[in-house]
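Here the UniProt record's numbering is used: the first residue of the sequence shown is 1, the next is one more, and so on.
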Amino acid sequence: DHARPGSQRYLTTPTGAPLLARRVGDAVVQTLPFGERLTINDVTISFHPAGHLLGSAQVRLERRGVAWVVSGDYKLERDRTCEPFEPVRCHVFITESTFGLPIYRWPPQAEVFAEIERWWRTNQENGYTSVLYAYALGKAQRLLAGIDASLGPILVHGAVLPFIQLYRSAGVELPEVFHADEMNARLHRGRALVIAPPSAGHMSGWLRKFGPCSQAFASGWMTIRGARRRRALDRGFVLSDHADWAGLLEAIRATGAE
Numbered sequence: 001d002h003a004r005p006g007s008q009r010y011l012t013t014p015t016g017a018p019l020l021a022r023r024v025g026d027a028v029v030q031t032l033p034f035g036e037r038l039t040i041n042d043v044t045i046s047f048h049p050a051g052h053l054l055g056s057a058q059v060r061l062e063r064r065g066v067a068w069v070v071s072g073d074y075k076l077e078r079d080r081t082c083e084p085f086e087p088v089r090c091h092v093f094i095t096e097s098t099f100g101l102p103i104y105r106w107p108p109q110a111e112v113f114a115e116i117e118r119w120w121r122t123n124q125e126n127g128y129t130s131v132l133y134a135y136a137l138g139k140a141q142r143l144l145a146g147i148d149a150s151l152g153p154i155l156v157h158g159a160v161l162p163f164i165q166l167y168r169s170a171g172v173e174l175p176e177v178f179h180a181d182e183m184n185a186r187l188h189r190g191r192a193l194v195i196a197p198p199s200a201g202h203m204s205g206w207l208r209k210f211g212p213c214s215q216a217f218a219s220g221w222m223t224i225r226g227a228r229r230r231r232a233l234d235r236g237f238v239l240s241d242h243a244d245w246a247g248l249l250e251a252i253r254a255t256g257a258e
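Right, dumping it as structure tokens:
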């Protein structure tokens, strides 16, 4: 999800390739399945699931019997939209630390989904559209897979739609959604859950079409109350695609790194 154009060639996992191709345009995208090895010069490379989003991988590099693992972003809690995190034994482990402070401890995702559903139902009872901000790639699909879609219509921002299609093509089951255009926004006012990237919250014209609405954000940063206030949000749900403090420590221990 942090891929940038500019290189001539990219190496990724088979499930990550369609997502990467969308980000890097006409560059050559080569694939290496999880666990298989490729030697470049005298360095042996393999990919191992990171559990961050579909196709995300840790990179294992071995040379002369010494193995390093570069984690990239990862989470340990399993979800239905991506391959689960795989601990990889190594001598040196380079870990992410997005939430590397003891204050960051995630509640079980089932509890968070239940909170979101209660918020959605309450908004429906009061005639409010529920607007939930989440990153377009990874988090949005995880929300769709975890929330009870029978509660009402789900609309998604145009930035989210292409990634939903790519996830479905990879075999991930996601509920029916509608594009959050003017027609659907008016049709489902006061009942819908709208999933949109955080940037959409800065566009008052885009929000206006939903009528009265309640706004929330799903992110690990919602652990900090001030983060919610700065964004003028009604609710904040603590759901992250990164490991929390305990998860980071568990992942590090599991590698056996020196």
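Even for Gly, the Cβ is constructed at its ideal location relative to N, Cα and C.
Only a predicted model underlies this, so the values are computations on that prediction, with no experimental measurement involved.
Just to confirm the assignment, what range does the beta strand (DSSP E) spanning residue i have?
i: V43; result: V43 to P49
i: R235; result: R235 to F237
i: Q141; result: Premise fails: Q141 lies in the alpha helix (DSSP H), K139 to G146, not in any beta strand (DSSP E).
i: R229; result: That residue, R229, is in no beta strand (DSSP E); its alpha helix (DSSP H) goes R225 to R230.
i: L38; result: R37 to I40
i: A218; result: C213 to A218
i: L151; result: Careful: L151 lies outside any beta strand (DSSP E) and carries neither H nor E.
i: L11; result: R9 to T12
So, are the CB atoms of residue i and residue j less than 9 Å apart?
i: P49; j: E96; result: no
i: F93; j: D148; result: no
i: S219; j: V194; result: no
i: F47; j: S240; result: no
i: P107; j: H157; result: no
i: R189; j: F210; result: yes
i: F163; j: A136; result: yes
i: P18; j: L166; result: yes
i: L54; j: G25; result: no
i: A140; j: V160; result: yes
i: R63; j: T81; result: no
i: D1; j: G138; result: yes
i: A246; j: R105; result: yes
i: P212; j: F178; result: no
Going by beta carbon distance, what residues of the same chain come within less than 6 Å of residue i, once the five residues before and after it are set aside?
i: R78; result: P84
i: L187; result: none
i: A254; result: P87
i: R235; result: W119 and A216
i: G65; result: none
Once the 5 residues before and after residue i are set aside, which same chain residues still bring their CB inside 8 Å of it?
i: S71; result: A50, Q58, F93, I94, T95, E96 and A251
Please report the residue range of the alpha helix (DSSP H) in which residue i lies.
i: L76; result: Looking at the DSSP string, L76 is not in any alpha helix (DSSP H), and its letter there is neither H nor E.
i: Q165; result: L161 to S169
i: R253; result: W245 to T255
i: residue 260; result: Because the chain is modelled from 1 through 258, residue 260 falls outside the range shown and cannot be assessed.
i: L19; result: A17 to V24
Closer than 7 Å by C-beta to residue i: which residues in its own chain qualify, once you throw out the five before and the five after it? Chain order, please.
i: L11; result: Q30 and L32
i: I103; result: T223
i: E115; result: F237
With a cut-off of 8 Å on the beta carbons, I'd call residue i and residue j a contact; round off their distance for me.
i: A185; j: L155; result: 7 Å
i: H91; j: Y74; result: Their Cβ separation, rounded to whole angstroms, is 19 Å, which puts H91 and Y74 out of contact at 8 Å.
i: A192; j: T129; result: 5 Å
i: L76; j: W68; result: Their Cβ separation, rounded to whole angstroms, is 20 Å, which puts L76 and W68 out of contact at 8 Å.
i: V131; j: S199; result: That pair is no contact at about 13 Å.
i: R9; j: A27; result: 7 Å
Does the ligand FAD have even one heavy atom less than 8 Å from the beta-carbon of residue i?
i: E77; result: With respect to the ligand FAD, the structure offers nothing, as it holds no ligand at all.
Quick check for students: name the residue ranges of the alpha helix (DSSP H) that lie wholly in the segment 58–137, counting only runs of 4 or more. 109–125
Complete runs of the alpha helix (DSSP H) confined to the segment 169–201 [at least 4 residues]: 182–187
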